[in-house]
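Residue numbers are given in the working numbering: position 43 of the sequence shown equals residue 170, and the series is strictly consecutive. Idealized CB from N, CA, C, for every residue including glycine. Owing to the predicted nature of the structure, the values given are computational and were not obtained by experimental measurement. Below is one structure, written out as C-alpha cells; the observations come after it.
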Amino acid sequence: MFVGFALLIGSFYWRLLFHFFFIIPSLIFFLRSIDDFKKGNKKSMYWNMVSGLIFFALIFLANTD
128 MFVGFALLIG
138 SFYWRLLFHF
148 FFIIPSLIFF
158 LRSIDDFKKG
168 NKKSMYWNMV
178 SGLIFFALIF
188 LANTD
C-alpha cells in the first residue's frame with residue numbers, strides 16, 4: 128500500500144522530487160567522510176568527500192525541463 132502511494136506521488140511530482148535522488152547520496156557520502164575523519168582513515172575520507180561533491184554537483188547539472 129505504501130509503495131503504491133509513494134509511486135503515485137512520485138509520478139505526479141517527479142520534477143520536484145528529482146533532485147532528492149542526488150541530495151540523499153550526497154549526504155550519505157558526506158556523513159561517511161566525517162565518520163572516516165573521526166576514525167583517522169584519510170584515504171577513504173577523501174574518496175567519500177569527492178563522491179559527495181560529484182553527487183552535489185549533479186544536483187545543479189540535472190535539468191528537468
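{"Check": "Do you know whose CA, among Ile186, Val177 and Phe132, lies nearest Arg159's CA?", "Outcome": "Val177"}
{"Check": "Quick one: is Phe156 buried, meaning 16 or more other Cβ sit within 10 Å of its Cβ, or exposed?", "Outcome": "buried"}
{"Check": "Could you give the distance in angstroms between the alpha-carbon of Val130 and the alpha-carbon of Ile150?", "Outcome": "21 Å"}
{"Check": "Could you pull out every residue in the same chain whose Cβ sits closer than 8 Å to the Cβ of Leu154, ignoring the five residues on either side in sequence?", "Outcome": "Gly179"}
{"Check": "Among His146, Asp163, Lys169 and Ile161, which residue has its Cα nearest to the Cα of Leu69?", "Outcome": "The chain is shown from 128 up to 192; residue 69 falls before or after that span and cannot be answered."}
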